[in-house]
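As they're listed, the protein sequences go chains A and B.
So the first sequence is numbered by this note's numbering: it starts at 1 and just counts up by one.
So the second sequence is numbered by this note's numbering: it starts at 506 and just counts up by one.
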Amino acid sequence: MKQGFRQSMAWLHTWAGLVTGWVMFCVFVTGTATYYRTDISHWMRPELRPAAVEPGIAAERGAAYLKVHAPKAVAWYIALPQEERPLLDVYWFDSFDTPIRQATLDAGTGQPSTARATQGGDFLYRFHFELQMMPLIGRWIVGASALILLVALVSGIVTHRRIFSDFFTFRRDKSAQRGWLDAHNVTGVLALPFHLMITYTGIVTLAFTLMPWGVASAYRGDALRFFTEAGQNPAGRAATGRPAEALPLAPLMARAQGEVSEPLEMAIVNNPGDAAATVVAVFEEPKGLAHRHPQVVFDATSGDVIDRLGTLKPAAHVFTSFLGLHEAHFAGPALRVLFFLCGLMGSATIATGLVLWAVARAPKAGAAPGFSLRLVRGLNLGTILGLPIGIAAFFLANRLLPVDLVGRATWEGGVFFGAWGLAALVGLARPQARTWREMGTAAAVLFLGVPFVDVLTTDRGLDFLGFDAAMIAIGLLLAWGARKVSRYRGPARARAAAPDNLARA
Amino acid sequence: MTPSSVLLTLALSFAGLSALCLAMDRHHRAIFRGAPSRRRARALRVAGWCGIGAAFAAAVITADWNFGPVQWLGSLTGAALLVVGLVSYRPRWVRPAALVALPVAAVAAFLA
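Listed below in structure tokens is the structure:
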């Protein structure tokens, strides 16, 4: 096989992009939405209003609940109310071999919250890296796809012959293939720093899942000790088995707050009720790229400070900086818009690349498409329009499902997958240009419907202007795309030969 | 990393990238009559790179070394997308928009 370097890279780019495209499109779209995770969570719990509760008092309310409902737990985690999430979330492990358990409390009373049960923005966040599968399998699939995407990115840069001369070029008046290729190049090249950064740092966040062997062989199964030595977790203390009365949490939280300027985020009680119990005050990350949380550790019975975590060793600092860059918690509202835009461009790069694969292989007019082309077209439809349909249905379900429905939070996820699955089936059954137009219109109507349903079902319309504006913008974008597809007549010079060029897209 | 600091970086990036875009034969032709003269193309190119450099300086000064480079890269992406959109849908707006970006940058610099 005699081929130039660029041709072999083009081959690699085409196939690496195709096999990971569908998964990575979903990862990019849900990841982009996750930049507004707290806003989404806020919108999905319209009953909650901002309430100022002293963090120490809230911690004690959480501990009081856990004392009754989880007295034998090995660890309590009390997530303190924040401005954007005025709730008290308590988590506990009955033993470290059982799954974590959770309850959501009203921060003002310490009683179970009466707000609607929902996973909020956390649903899309977890889907972003676990695809709603078993965590390990989902992370492996996302991690492996991201590795291949990195290959596709680098080979794509090599393949692109005119990065600089075509930098600003988007030719809409030439052939369909030219237009899709330009769209793919423009969205890919203009946000290239973001694409490389987000893919690479994304792989880094999954590093311990993808390459567990280093830690496993050096620490012989005691992975917790690794995180302790890296300065990320305080050292654990084994339970003594002797019960002891713990000090109240509020004074400890107040003392910790005296040492750290950031707001308190969480109170952790290890071995509650035991003589060796410890209390950890966890703070929000300080301003900076790195994603790290200052912590102060107390002996729960004597109240002595036994550990302080703040600064990290260089390797851990690099690691947490990569995490910080990926999550962009540091970004204020303006910079966040730019991150969001870059995420959309990443999604668009993948989507246009997938469509381009099918357009470039369109059969001659009159010839029937083969099985693989039909399959790719169907999967493209089911992913590129199916996922947005699922997300819009997820938001609508949040407003329309009865508040007292049993297993409500799970139902919302069920609606998401139900709507998406239905769209995917339609796409696979009729992978044609007409279906792009119809499904695009359906997605647009669903997104435009979200603000209307919101206004009709809650009295908080004015508090959610930003969210509703975003829904309308996405809906209009989809409607515009659907209109483009329906009005597309092919380029002027090819019109006589092929009346509906995109019918073969 | 205040909104005005982001706006400043964005406006300077936009002005710079517009100049670089206009320095290219294909885009110059779409907006004015004919290709730019060699002198004009070089002047636009120099102005463009100066704009991008100024955007970097502004980002680092107003958002310091920690966030400045991130903000600069993000602004370049956003500004470039705007230039591409204008050049392919409203080519005649590129030059006035780039000229408007300069006073916008000045106001944003005053606020940042």
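Cβ atoms here follow ideal geometry from the backbone N, Cα and C, with glycine treated the same way.
Every value quoted in this text rests on a predicted model; they were computed, and no experiment measured them.
For PHE340/A and TRP92/A, the rounded distance between their alpha carbons
34 angstroms
What residues from the segment 508-520 of chain B come within 9 angstroms of chain A, judged by C-beta to C-beta, listed N to C?
Interface annotation for the segment 508-520 of chain B against chain A: PRO508, SER509, SER510, VAL511, LEU512, LEU515, criterion Cβ-Cβ distance under 9 angstroms.
What is the DSSP secondary structure of ILE306/A, reduced to helix, strand or coil?
For ILE306/A, the secondary structure class from DSSP, reduced to helix, strand or coil, is strand.
Identify each residue in the segment 319-351 of chain A for which the Cβ-Cβ distance to at least one residue of chain B is less than 9 angstroms, and report them in chain order.
LEU325, ALA328, PHE330, ALA331, GLY332, PRO333, ALA334, LEU335, VAL337, LEU338, PHE339, LEU341, CYS342, MET345
Shorter than 8 angstroms from the beta carbon of LEU190/A to some beta carbon of chain B?
yes
Inter-residue Cα distance where the pair is TRP43/A and VAL142/A
28 angstroms
Determine whether the beta carbon atoms of GLU412/A and ALA397/A lie at a separation below 8 angstroms.
yes
TRP570/B, buried or exposed, once every other Cβ within 10 Å from all chains shown has been counted against 16
exposed
Endpoints, beta strand (DSSP E) assigned at ASN270/A
If you look at ASN270/A, you'll find it in the beta strand (DSSP E) that goes 264-270.
LEU88/A vs ALA267/A beta-carbon contact at 8 angstroms
No, Cβ-Cβ distance for LEU88/A and ALA267/A is not below 8 angstroms.
Quick one: what does DSSP say GLN177/A is sitting in, helix, strand or coil?
Looking at GLN177/A - three-state DSSP - the assignment turns out to be helix.
How about ARG483/A: is its C-beta nearer than 8 angstroms to some C-beta of chain B?
Closer than 8 angstroms: no.
Where ASP97/A falls: helix, strand or coil (DSSP):
coil
If we ignore side chains and look at the alpha-carbon of each, how far apart do ALA559/B and THR514/B end up?
8 angstroms
What span of residues does the alpha helix (DSSP H) with TRP76/A cover, start to end?
TRP76/A -> not in any alpha helix (DSSP H); beta strand (DSSP E) instead, spanning 75-79.
With a 10 Å radius around its C-beta and 16 neighbouring C-beta atoms as the bar for buried, classify GLN432/A as buried or exposed.
buried
Cα separation between ALA10/A and GLN3/A?
11 angstroms
Go ahead and pull the three-state DSSP assignment for VAL260/A.
coil
Going by DSSP in three states, VAL403/A sits in which element: helix, strand or coil?
coil
Would you check if the segment 533-549 of chain B and the segment 596-604 of chain B touch, i.e. whether three or more CB-CB distances between them fall below 8 angstroms?
yes
Below 8 angstroms between beta carbons: does that hold for SER41/A and GLY120/A?
yes
Along chain C, in chain order, which residues have C-beta atoms closer than 9 angstroms to that of GLY288/A?
Reference to chain C is not applicable here, since the protein chains of this structure are A and B.
Cβ-Cβ separation, VAL282/A to GLU265/A (assumed contact under 8 angstroms), whole Å
Contact holds; Cβ gap of about 5 angstroms.
Within the 8 angstroms Cβ cut-off, does PRO193/A reach chain B?
Closer than 8 angstroms to some Cβ of chain B, the Cβ of PRO193/A qualifies, so yes.
Alpha carbon of ARG361/A to alpha carbon of LEU373/A, nearest angstrom:
7 angstroms
Local Cβ density within 10 Å of LEU578/B, reported as buried at 16 or more and exposed below that:
buried
May I ask you to verify whether the segment 159-169 of chain A touches the segment 324-334 of chain A, counting CB pairs closer than 8 angstroms and requiring at least 3?
No contact exists between the segment 159-169 of chain A and the segment 324-334 of chain A.
Name the chain A residues whose beta carbon is nearer than 9 angstroms to that of ALA585/B?
PHE167, PHE168, VAL186, VAL189, LEU190, ALA191
Leaving out five residues on either side along the sequence, give the residues of the same chain with a beta carbon under 6 angstroms from the beta carbon of ALA497/A.
Residue placement at ALA497/A cannot be trusted, given a pLDDT of 41 that sits under 50; what the coordinates show is reported in the next sentence. So the list is empty, once near-sequence residues are dropped.
Measure the C-alpha to C-alpha separation of VAL605/B and ALA473/A and round it to an integer number of angstroms.
26 angstroms
Cross-chain neighbours of HIS532/B in chain A, by beta carbon under 7 angstroms:
PHE168
Any idea if TYR125/A is buried or exposed, counting beta-carbon neighbours within 10 angstroms, 16 or more meaning buried?
buried
Do you know offhand how far LEU66/A's Cα is from VAL297/A's?
The straight-line gap from Cα to Cα measures roughly 20 angstroms.
Leaving out the 5 sequence neighbours to the left and right, which residues in its chain are closer than 6 angstroms to TRP76/A when beta-carbon positions are compared?
Hits under 6 angstroms: LEU66, TRP92, VAL269, PRO272.
Residue environment, LEU525/B, which counts as buried when at least 16 other CB atoms sit within 10 Å:
Classification for LEU525/B: buried.
Determine the burial state of LEU476/A: buried for a count of at least 16 other Cβ atoms within 10 Å of its Cβ, exposed for fewer.
exposed
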